[in-house]
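Input: a single structure, listed below in structure tokens.
Numbering (our numbering), first residue to last: 28 to 141.
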């Protein structure tokens with residue numbers, strides 16, 4: 028998936044989803060206000076115009092507006108916590124703690140999916 032395709036999908040699904048407005052024009056206007064872009068720039072990205080290029084700063088703005096950057100950070104933090112807990116429990120009691128480690132991973136995994 029190219030940057031423009033990713034940006035277009037993110038605009039349509041996360042920044043200005045279908046329930047945000049009745050028609051596409053209003054959704055594009057909502058997205059342009061959230062991103063601080065002009066309506067025409069947002070429209071070009073919305074429809075993934077092949078002439079459009081997304082720079083790193085614009086991609087950062089899109090990720091922050093959609094909340095994707097925070098979600099990735101939280102996922103990474105959860106994975107690190109699971110690794111630490113597993114290492115601690117594996118070192119202390121190798122035979123008796125294995126079910127507890129599995130249960131902890133399952134618990135954190137279910138909260139991460141929601």
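Where is the CB? At the ideal position from N, CA and C, for every residue including glycine.
Report the rounded CA-to-CA distance for residue i versus residue j, giving the unit in angstroms.
i: residue 56; j: residue 46; result: 14 Å
i: residue 63; j: residue 89; result: 10 Å
i: residue 71; j: residue 36; result: 12 Å
i: residue 99; j: residue 68; result: 27 Å
i: residue 133; j: residue 126; result: 10 Å
i: residue 83; j: residue 52; result: 26 Å
i: residue 81; j: residue 59; result: 15 Å
i: residue 109; j: residue 95; result: 21 Å
i: residue 40; j: residue 54; result: 10 Å
i: residue 48; j: residue 87; result: 24 Å
i: residue 44; j: residue 66; result: 17 Å
Do residue j and residue i have their beta-carbon atoms positioned less than 7 Å apart in this structure?
i: residue 92; j: residue 61; result: yes
i: residue 105; j: residue 135; result: yes
i: residue 102; j: residue 73; result: no
i: residue 114; j: residue 131; result: no
Starting from residue i, trace the alpha helix (DSSP H) in both directions and tell me its first and last residue.
i: residue 51; result: 51 to 62
i: residue 31; result: 30 to 37
i: residue 71; result: 66 to 73
i: residue 89; result: 83 to 93
Indicate, with yes or no, if the ligand GDP has a heavy atom lying under 6 Å from the CB of residue i.
i: residue 56; result: Ligands are entirely absent from the displayed structure, and the ligand GDP is therefore not among its contents.
query = Using 8 Å as the threshold, is the stretch 31 to 49 in touch with the stretch 76 to 96, meaning 3 or more CB pairs across them?
reply = yes
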